[in-house]
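A.B. asks:
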Amino acid sequence: MRRANTFSVRPLSHRGRLALIELLDSSAACFNEINYDRRQAYFSARHDADDHHTVAELKDIVRDVASQEEYRNKYIQQLSSSIPQQLDRKNWQTWKGFFDLLRKYRDPEDDEITDEPSAPGYWKEDGTRQLHTVIRNDTYSLELGERSRLEIPLGKELKEKYGFGYNEKLRLEVRGRPHWKGPNGSLELSYDRTAETFTARQSVGRTHTDPVRRFTDTCTLATTSSEDEGVVAAVDIGANNLAAVVTSEGDHVVFHGRPCFEQFHALTREIADLQSGLPDDRYYTDRIERLYRRRQEQRDHAQDALVRHLARWLVERGVTDLYAGKLDDVRKKHWSATVNEKTDLFWAHGRFRDRLEDVLEDECGITVHEESEAGTSSECPVCGVKNVHRSGDLVQCLSCGFEGHSDVVGAVNFLAEQADLEGGPMARPAARGQNRPRDAVACLEWDDHRWQHRGHSTKEEPADRSTRKGNLASGAGSGTA
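Going by the UniProt record's numbering, the residue at position 233 of the sequence shown is 233; the numbering climbs one at a time, nothing skipped.
#1: Thinking C-beta only, is Phe255 closer than 7 Å to Leu306?
#2: For the region 48-130, list the alpha helix (DSSP H) runs that are entirely contained and at least 4 residues long, ordered along the chain.
#3: Touch check for the region 308-320 and the region 350-368: three-plus C-beta pairs under 8 Å?
#4: Comparing C-alpha positions only, which one of Leu170, Glu116 and His309 sits nearest to Leu142?
#5: On the DSSP bridge list, what partners appear for Val359?
#6: Among residues of its own chain, excluding the 5 on either side of Glu227, which ones have a beta-carbon nearer than 7 Å to its beta-carbon?
#7: Here's the rule I'm using: 16 or more other beta-carbon atoms within 10 Å means buried, otherwise exposed. How should Tyr166 be labelled?
#8: Quick one: is Thr223 buried, meaning 16 or more other Cβ sit within 10 Å of its Cβ, or exposed?
#9: Helix, strand or coil for Tyr323, going by three-state DSSP, please let me know.
#10: So, Ser190 versus Thr199, is the Cβ gap smaller than 7 Å?
#11: Name the two residues that bound the continuous alpha helix (DSSP H) containing Val315.
#12: Distance check for Glu379 and Lys386, CA to CA, integer angstroms please.
#13: Take Asn91 and list the residues in its own chain whose beta-carbon comes closer than 8 Å to its own, dropping the five residues that flank it on each side.
#14: Which first and last residues belong to the beta strand (DSSP E) in which Leu172 is found?
#15: First and last residue of the alpha helix (DSSP H) that includes Leu267?
#16: DSSP on Ile21, reduced to helix/strand/coil?
#17: Which of the three DSSP states, helix, strand or coil, is assigned to Val245?
#18: Is the beta carbon of residue 503 less than 7 Å from the beta carbon of Arg17?
#19: How do the region 120-136 and the region 72-84 stand: do at least 3 beta-carbon pairs fall below 8 Å, yes or no?
#20: The beta strand (DSSP E) with residue 484 in it runs from where to where?
#21: My understanding is that Ala4 touches Ser148, with C-beta atoms under 8 Å, so please give their C-beta distance in whole angstroms.
#22: Per DSSP, what kind of secondary structure is Gly145 in: helix, strand or coil?
#23: With DSSP run on the structure shown, which of helix, strand or coil describes Leu394?
#24: Taking DSSP as the reference, what is the three-state secondary structure of Gly350?
#25: Output the boundary residues of the beta strand (DSSP E) element that contains residue 495.
#26: Compare the Cα-Cα distances from Arg175 to each of Gly401, Glu146 and Gly257 and report the closest residue.
#27: Which first and last residues belong to the alpha helix (DSSP H) in which Leu444 is found?
#28: Could you check the C-alpha separation between Asp448 and Gln263 for me, to the nearest Å?
#29: May I ask you to verify whether the region 40-57 touches the region 110-118, counting CB pairs closer than 8 Å and requiring at least 3?
#30: Which residue comes first and which comes last in the alpha helix (DSSP H) that contains Glu157?
#31: Using the rule of at least 16 other Cβ atoms within 10 Å of the residue's Cβ for burial, across every protein chain shown, is Asp393 buried or exposed?
#32: Quick one: residues in its chain with C-beta nearer than 8 Å to the C-beta of Ile271, no 5 flanking neighbours on either side, listed in chain order?
#33: How close, in whole Å, do the beta carbons of Leu79 and Gly155 come, if the pair is a contact with beta carbons under 8 Å?
#34: Using DSSP's beta-bridge definition, name the partner residues of Val408.
#35: Under 7 Å between the Cβ atoms of Gln77 and Glu22?
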């Protein structure tokens with residue numbers, strides 16, 4: 001899994017800024033030219049052979065059409081000798097991903113990809129090149145400390161144009177702290193025209209040491225029901241409640257998502273209102289771009305904080321494996337414009353899954369398994385029948401009278417199902433909580449800074465609709481978080 005440190009960078013002078021922008025623009029031109037040649041070869045091969053080429057044959061044709069030496073000779077005066085090589089590799093990575101999708105699309109036994117994938121596009125947005133480059137790990141130097149700095153190479157022509165010495169590199173001020181440690185990888189630099197800011201992403205290689213389980217210095221790990229089996233957990237991923245998590249020891253917690261979505265939806269409406277007043281041939285303004293960025297940053301902040309909070313919660317309970325639900329089957333069954341906005345735009349399930357794997361596997365040593373969670377909320381966790389009624393966050397069993405939080409019930413059933421698939425004996429996690437207070441579900445809300453329990457003094461307490469002692473209800477309380 002790729003790991004990267006992200007920094008804000010800034011040229012130290014006006015000439016440095018101009019040189020950096022020209023370097024990024026020339027890099028984008030080089031990347032787009034490489035991509036153009038590969039696209040032409042791909043479409044020509046498909047047309048000439050009436051699409052009878054195998055995916056492997058198409059891959060060989062596209063790979064061989066681009067010569068690193070050709071682009072190196074053409075752009076060396078602006079980019080130095082190593083950057084065209086890195087751009088060629090970067091472009092080929094996108095094509096390899098494309099051919100992987102094309103292979104799945106053509107496989108009659110694989111129904112994961114139903115629409116034919118499109119060939120990789122250019123580094124362009126609204127007809128303008130996206131300013132971007134990739135720098136090899138041995139050609140830049142990054143020093144972090146009280147006065148952090150980054151030095152990158154320039155081509156001979158740019159050095160002469162902007163008055164740099166023959167052996168001089170372009171120096172940039174760096175702001176930010178590294179999150180990862182390890183062998184330095186390639187460095188990607190990009191420029192945001194709207195915000196007028198430069199960003200650097202430094203990939204970091206893996207070391208051969210075992211993952212570190214963070215937070216353990218202040219945690220007491222939960223005991224398991226078996227000396228041979230660790231604690232496992234499942235997370236039910238949703239939109240109204242962003243995540244409901246249960247463990248095989250019966251602990252559970254819910255991350256309430258409605259306040260976050262309301263904030264996201266308000267910005268979406270504001271963007272739509274601004275776009276409705278634009279001419280037919282325009283879709284963006286600087287203000288709209290800023291609103292898009294603000295919406296994404298707010299969502300990402302809440303999502304990243306959720307993953308961190310969840311990591312601590314899981315480590316405290318000694319969890320070794322986490323089962324995360326896929327949303328593909330849920331989308332097919334419950335698609336609507338609102339569901340689409342919540343699951344695809346607001347919650348960004350793919351990004352959440354990647355963050356889970358990055359933090360839990362790399363930092364905490366918790367293995368993440370992704371499985372389908374379709375239908376898990378439609379079965380009673382007590383008697384196992386599907387004769388249930390759901391209303392908002394409440395699910396009621398019409399056979400045995402059980403009532404509980406619908407997303408917690410879904411996570412309980414999901415975990416029991418996955419445990420059975422693994423072949424290990426396990427009682428349903430809900431059974432452990434039958435003698436708990438009725439408000440045992442810990443419900444956390446986002447306050448724009450951190451996830452915390454619903455405040456009794458600041459937020460209206462949901463009605464306690466439980467009818468039997470020990471049921472999982474949709475209320476707040478001290479719980480187990």
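We put the beta carbon where it would ideally sit given N, CA and C, even for glycine.
C.D. replies: Inspection of the coordinates gives the following:
#1: Counted from its first residue, the sequence shown places residue 306 at position 306. Counted from its first residue, the sequence shown places residue 255 at position 255. Yes, the Cβ-Cβ distance between Leu306 and Phe255 is below 7 Å.
#2: 55-65, 68-79 and 83-106
#3: yes
#4: Translated into positions along the sequence shown, residue 142 becomes position 142. Selected option, being the one with the closest Cα: Leu170.
#5: The residue given as residue 359 occupies position 359 in the sequence shown. Answer is none; Val359 lacks a bridge partner.
#6: Counted from its first residue, the sequence shown places residue 227 at position 227. Per-residue confidence for Glu227 stands at a pLDDT of 42, beneath the threshold of 50, marking its modelled position as unreliable; the derived number appears in the next sentence. Closer than 7 Å at the Cβ level, and outside the excluded window around Glu227, lies no residue.
#7: Within the sequence shown, residue 166 is the residue found at index 166, counting from 1. Flag for Tyr166 reads exposed.
#8: Your numbering for residue 223 matches position 223 in the sequence shown. Below a pLDDT of 50, predicted positions are generally treated as unreliable, and Thr223, at 35, falls in that range; the measurement from the model is reported next regardless. Exposed.
#9: Stepping through the sequence shown from its first residue, residue 323 is reached at position 323. It is a strand residue.
#10: Numbered from 1 along the sequence shown, position 190 holds the residue referred to as residue 190. Numbered from 1 along the sequence shown, position 199 holds the residue referred to as residue 199. Yes.
#11: Numbered from its first residue, the sequence shown carries residue 315 at position 315. Run containing Val315: Asp286 to Glu316, per the alpha helix (DSSP H) assignment.
#12: Along the sequence shown, one-based indexing puts residue 386 at 386. Along the sequence shown, one-based indexing puts residue 379 at 379. Near 4 Å, if we compare the C-alpha coordinates of Glu379 and Lys386.
#13: By 1-based counting over the sequence shown, the position of residue 91 is 91. The residues are Phe31, Ile34, Asn35, Arg38, Ala66 and Pro120.
#14: As a position in the sequence shown, residue 172 is number 172, starting the count at 1. Residues Leu170 to Arg175.
#15: Looking up residue 267 in the sequence shown gives position 267. Per DSSP, Leu267 belongs to the alpha helix (DSSP H) from Arg258 to Ser276.
#16: For the purposes of this step, residue 21 is taken as residue 21 along the sequence shown, with counting starting at 1. Ile21 falls in the helix class under three-state DSSP.
#17: By 1-based counting over the sequence shown, the position of residue 245 is 245. Looking at Val245 - three-state DSSP - the assignment turns out to be strand.
#18: The structure shown does not extend to residue 503, since the chain is modelled only from 1 through 481, so no value can be given for it.
#19: yes
#20: Only positions 1 to 481 of the chain appear in the structure, and residue 484 is not among them; the question remains open.
#21: Looking up residue 4 in the sequence shown gives position 4. Looking up residue 148 in the sequence shown gives position 148. Their Cβ separation, rounded to whole angstroms, is 16 Å, which puts Ala4 and Ser148 out of contact at 8 Å.
#22: For the purposes of this step, residue 145 is taken as residue 145 along the sequence shown, with counting starting at 1. Reduced to three states, the DSSP call for Gly145 is coil.
#23: On the sequence shown, residue 394 is found 394 positions in, with the first residue counted as 1. In this structure, Leu394 counts as strand in the three-state DSSP scheme.
#24: To locate residue 350, count along the sequence shown from 1; it is residue 350. Note: Gly350 maps to helix in three-state DSSP.
#25: Any property of residue 495 remains undetermined from this structure, which presents the chain solely from 1 to 481.
#26: The residue given as residue 175 occupies position 175 in the sequence shown. With distances taken between Cα atoms, Arg175 lies closest to Glu146.
#27: Residue 444 sits at position 444 when you count from the first residue of the sequence shown. Careful: Leu444 lies outside any alpha helix (DSSP H), inside the beta strand (DSSP E) at Ala442 to Trp446.
#28: Locating residue 448 in the sequence shown gives position 448, counting from the first residue. Locating residue 263 in the sequence shown gives position 263, counting from the first residue. When rounded, the distance between both Cα atoms is 10 Å.
#29: no
#30: As a working note, residue 157 is residue 157 in the sequence shown. Glu157 -> alpha helix (DSSP H) spans Lys156 to Tyr162.
#31: Sequence index remark: in the sequence shown, residue 393 carries index 393 (1-based). Its Cβ being crowded by 16 or more others within 10 Å, Asp393 is buried.
#32: Indexing the sequence shown from 1 puts residue 271 at position 271. The residues are Ile288, Leu291, Tyr292 and Arg295.
#33: Indexing the sequence shown from 1 puts residue 79 at position 79. Indexing the sequence shown from 1 puts residue 155 at position 155. About 5 Å; that satisfies the 8 Å criterion.
#34: The sequence position of residue 408 within the sequence shown is 408, counting from 1. Bridge partners of Val408: none, in fact.
#35: Numbered from its first residue, the sequence shown carries residue 77 at position 77. Numbered from its first residue, the sequence shown carries residue 22 at position 22. In this structure, Glu22 does not lie closer than 7 Å to Gln77 by Cβ.
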